[in-house]
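Numbering (my numbering), first residue to last: 2 to 388.
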Amino acid sequence: MRRRPPSTGSAASVLPARSSGPSLGIAQVSELLRSSGERTLAGNLSTSQWRDTYRSDVSYGGGVSPVDGRSAAFERHLLLQVAQAYYLDDRSKVEIAQQTGLSRWQVARALREARDTGMVQIRVGDPGDEHAALGDRLAAVLGIERAVVVGIAPAAGADGAADAVAEALAGVLATTVGEGRSVGLTWSRIIERLPAHLARMAPCDVVQLAGVVTLPGDRMGSVEVTREVARIAGGTAHPFYAPLFVAEAGTARALRAQPEIAACLDRVERLDVAVVSVGHWSEYGSAVYPLLPRELAEQVGAAGAIGEISGRVFDEAGRPVSPALDERIVGITADALRAIPRRIATSFGEYRARSTLAAARAGLISELVVDAPQAAAIVALDAEAGT
């Protein structure tokens, strides 16, 4: 049976090095060597001579073979062409033997030699292992308990990335939240997609953590997400109707004092799990930024804001930036969030890397579900800081 190499998207990859100069085909190399008196390609060498020739190439790395003065560079080039034909061009050993004048045994020997010398490198593994390793590294960099890294197709776009992270988040909640636990939810482009992927969840109550965010193109608002997740879990929903941001601090205080809202915010102290999203402080990187008057949003940015979670803004060191903005937010405070045992953050996009890093420094997250580009960017930022 003809051996087929794994495709580039499979769990195994074969990596023969391509030559740096113009590549000659097998037939061309064979003819070159025949015309120059290189008996190897004509199949005229004995088994021991063939073996010794290849060993001499490995030992001397070019120049002239000590066996009979033949060019080791020719032999090495043939070795490369045989490896490329077999592993990359999907040719059988019989086809290669016919095209080169080698025997099938000599082709097999050449392929083995290519592997032994490192010309061909074969890796077998689960593609998910790469993301798992990145997740372990990311968790160590951020100083958190767990990081789940999600692979994203290059053409996925923002919607595709948000959807992929939401799907991974659903898996985390379905497998790690036990019966009788209580879960708090904020709103984001990721979290609004959560119910679509959450097929099951242990019975638990679900609490809305922050006021309503209304943006163009919303699929599901804070109240609806809270209710739908509670329905899937077979628990009780605790939503409230109030905007996340109001223009006056006095209005925000009055809203927080309303019995329905106060009851939800009081439940925060008894939560087992909080699910939040990290935003980047910019017009398109945060769900909160567009809600503010532009002058206020720019003032907060000028004060050093790098990111936010549910309107609680922080700088690159994780320090709170704007007490004046905090007074106008209806929702969970940064201190209350830190007190929740499990704080699962979600995020996507390389440009949010510094924001997520700052959120971890602030102690606002204990776990992270994130796309691979942002995960790699965070690890790279840490490496740069260490150099």
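All residues carry an ideal CB built from backbone N, CA and C; glycine is no exception.
Can you tell me whether Asp137 is helix, strand or coil according to DSSP?
To locate residue 137, count along the sequence shown from 1; it is residue 136. Here Asp137 sits in helix by DSSP.
Taking the alpha carbon of Ile310 as the reference point, which residue from Arg147, Trp282, Gln300 has its own alpha carbon closest?
Locating residue 310 in the sequence shown gives position 309, where the first residue counts as 1. Closest option to Ile310, Cα to Cα, is Trp282.
Take Ser37 and list the residues in its own chain whose beta-carbon comes closer than 7 Å to its own, dropping the five residues that flank it on each side.
The count along the sequence shown starts at 1 and reaches residue 37 at position 36. Unreliable positioning characterises Ser37 in this predicted model, as indicated by a pLDDT of 43, which lies under 50. The coordinate reading is nonetheless provided below. The answer is none, since no qualifying residue turns up.
Return the CA-CA distance between Arg320 and Arg147, expressed in angstroms with no decimal places.
Mapped onto the sequence shown, residue 320 falls at position 319. Mapped onto the sequence shown, residue 147 falls at position 146. One C-alpha to the other measures close to 23 Å.
In or out: Pro196 buried (at least 16 other Cβ within 10 Å) or exposed?
Position 195 of the sequence shown, counting from 1, holds the residue named residue 196. In summary, Pro196 is buried, with 16 or more beta-carbon neighbours lying within 10 Å of its beta-carbon over all protein chains present.
Identify, in the order they occur along the chain, each residue of the same chain with its Cβ nearer than 7 Å to the Cβ of Glu328, setting aside the five sequence neighbours on each side.
The count along the sequence shown starts at 1 and reaches residue 328 at position 327. Once the five neighbours on either side are set aside, the close Cβ partners of Glu328 are Ala250, Ala253.
Helix, strand or coil: how does DSSP classify Asp219 here?
In the sequence shown, residue 219 corresponds to position 218, counting from 1. Coil.
Consult DSSP for Gly212 and reduce its assignment to one of helix, strand or coil.
Your numbering for residue 212 matches position 211 in the sequence shown. If DSSP states are grouped into helix, strand and coil, Gly212 belongs with coil.
Considering only residues of the segment 162 to 213, which uninterrupted alpha helix (DSSP H) runs meet the minimum length of 4 residues and lie entirely inside it, listed in chain order?
DSSP runs (the alpha helix (DSSP H)) wholly in the segment 162 to 213: 195 to 198.
Compare the beta carbon distance of Pro342 and Asp273 with 8 Å and say whether it is the shorter of the two.
Residue numbering aside, residue 342 sits at position 341 when the sequence shown is read from its first letter. Residue numbering aside, residue 273 sits at position 272 when the sequence shown is read from its first letter. Cβ atoms of Pro342 and Asp273: closer than 8 Å.
Leu210 and Thr187: beta carbons closer than 8 Å?
Taking the first residue of the sequence shown as 1, we reach residue 210 at position 209. Taking the first residue of the sequence shown as 1, we reach residue 187 at position 186. Going by C-beta atoms, Leu210 is nearer than 8 Å to Thr187.
Does the beta-carbon of Tyr290 have 16 or more other beta-carbons within 10 angstroms, so that it is buried, or is it exposed?
The count along the sequence shown starts at 1 and reaches residue 290 at position 289. Residue burial annotation: Tyr290 is buried, with at least 16 other C-beta atoms found within 10 angstroms of its C-beta.
Can you list the alpha helix (DSSP H) stretches of 4 or more residues lying completely in the segment 291 to 316, in chain order?
Runs found: 295 to 303.
Going by beta-carbon coordinates alone, are Arg232 and Pro240 separated by less than 8 Å?
For the purposes of this step, residue 232 is identified with residue 231 of the sequence shown, where counting begins at 1. For the purposes of this step, residue 240 is identified with residue 239 of the sequence shown, where counting begins at 1. No; because the gap between Cβ atoms is not below 8 Å, this pair is not in contact.
Count the other CB atoms, across all protein chains shown, that sit within 10 Å of the CB of Gly181; report buried if there are 16 or more and exposed otherwise.
Numbered from its first residue, the sequence shown carries residue 181 at position 180. An exposed status is given to Gly181, since fewer than 16 other beta-carbon atoms sit within 10 Å of its beta-carbon.
Assuming Met1 and Ala84 are in contact, meaning their beta carbons sit under 8 Å apart, how far apart are those beta carbons, in whole angstroms?
Outside the modelled stretch of the chain, which goes from 2 to 388, sits residue 1, for which no answer is possible.
Once you ignore the five residues that flank Ala359 on each side, which residues in its own chain have a CB closer than 6 Å to its CB?
Position 358 of the sequence shown, counted from the first residue, corresponds to residue 359. Closer than 6 Å at Cβ, skipping near neighbours: Ile307, Gly308, Phe315, Glu317, Gly319.
Is there contact here, the segment 132 to 146 with the segment 156 to 172, by at least three beta-carbon pairs under 8 Å?
No: the two stretches stay apart, fewer than three of their Cβ pairs being nearer than 8 Å.
Just the Cα atoms here: how many angstroms apart are Tyr88 and Leu103?
Position 87 of the sequence shown, counted from the first residue, corresponds to residue 88. Position 102 of the sequence shown, counted from the first residue, corresponds to residue 103. In this structure, the CA atom of Tyr88 is about 17 Å from the CA atom of Leu103.
My output table needs one value for Pro240: the three-state DSSP class, helix, strand or coil.
As a first step, residue 240 must be located in the sequence shown, where it is residue number 239. Under the three-state reduction of DSSP, Pro240 is assigned to coil, being neither helix nor strand.
DSSP bridge partner residues for Leu369 (one or two, in chain order):
The sequence position of residue 369 within the sequence shown is 368, counting from 1. Answer by DSSP bridge pairing, in chain order: Ala148, Ala346.
Quick one: what does DSSP say Ala340 is sitting in, helix, strand or coil?
Along the sequence shown, one-based indexing puts residue 340 at 339. Looking at Ala340 - three-state DSSP - the assignment turns out to be coil, as it is neither helix nor strand.
Tell me whether Asp273 counts as near the ligand FMN, meaning its Cβ is closer than 7 Å to at least one heavy atom of that ligand.
For the structure depicted, the ligand FMN is absent and the ligand set is empty, with no information on it obtainable.
Taking the C-alpha atoms as reference points, what is the distance between Leu25 and Tyr285?
Within the sequence shown, residue 25 is the residue found at index 24, counting from 1. Within the sequence shown, residue 285 is the residue found at index 284, counting from 1. Residue placement at Leu25 is poorly supported in this model, since its pLDDT is 43, which falls under 50; the coordinates still yield a value, given next. Their backbone Cα atoms lie some 51 Å apart in a straight line.
Which value, in whole angstroms, describes the spacing of the CA atoms of Leu256 and Ala264?
As a first step, residue 256 is located in the sequence shown; it is residue number 255 there, counting from the start. As a first step, residue 264 is located in the sequence shown; it is residue number 263 there, counting from the start. Ala264 has its alpha-carbon roughly 12 Å from the corresponding atom of Leu256.
So what does Val279 bridge to, in DSSP terms?
Looking up residue 279 in the sequence shown gives position 278. Looking at the DSSP output, Val279 bridges to nothing.
Can you tell me whether Val214 is buried or exposed, with buried defined as 16 or more other CB within 10 angstroms of its CB?
If you number the sequence shown from 1, residue 214 lands on position 213. Counting the other CB atoms within 10 Å of its CB gives Val214 a total of 16 or more, which places it among the buried residues.
According to the neighbour-count rule (16 or more other Cβ atoms, all chains shown, within 10 Å of its Cβ), is Ala200 buried or exposed?
Numbered from 1 along the sequence shown, position 199 holds the residue referred to as residue 200. Around the beta carbon of Ala200, fewer than 16 other beta carbons sit within 10 angstroms, so the residue counts as exposed.
With C-beta atoms as the reference, is Thr347 less than 8 Å away from Ile192?
Taking the sequence shown and counting its residues from 1, one reaches residue 347 at position 346. Taking the sequence shown and counting its residues from 1, one reaches residue 192 at position 191. Taking 8 Å as the Cβ cut-off, Thr347 and Ile192 qualify as a contacting pair.
Measure the C-alpha to C-alpha separation of Val230 and Ser223 and round it to an integer number of angstroms.
Within the sequence shown, numbered from 1, the residue matching residue 230 stands at position 229. Within the sequence shown, numbered from 1, the residue matching residue 223 stands at position 222. Between Val230 and Ser223, the alpha-carbon positions lie close to 11 Å from each other.
Supposed contact pair Glu351 and Ala378 - C-beta distance, whole angstroms, cut 8 Å:
Position 377 of the sequence shown, counting from 1, holds the residue named residue 378. Position 350 of the sequence shown, counting from 1, holds the residue named residue 351. Indeed they touch by this definition, with Cβ atoms about 4 Å apart.
Could you compute how far the alpha carbon of Leu369 sits from the alpha carbon of Ala141?
Counted from its first residue, the sequence shown places residue 369 at position 368. Counted from its first residue, the sequence shown places residue 141 at position 140. Approximately 12 Å between the Cα atoms of the pair.
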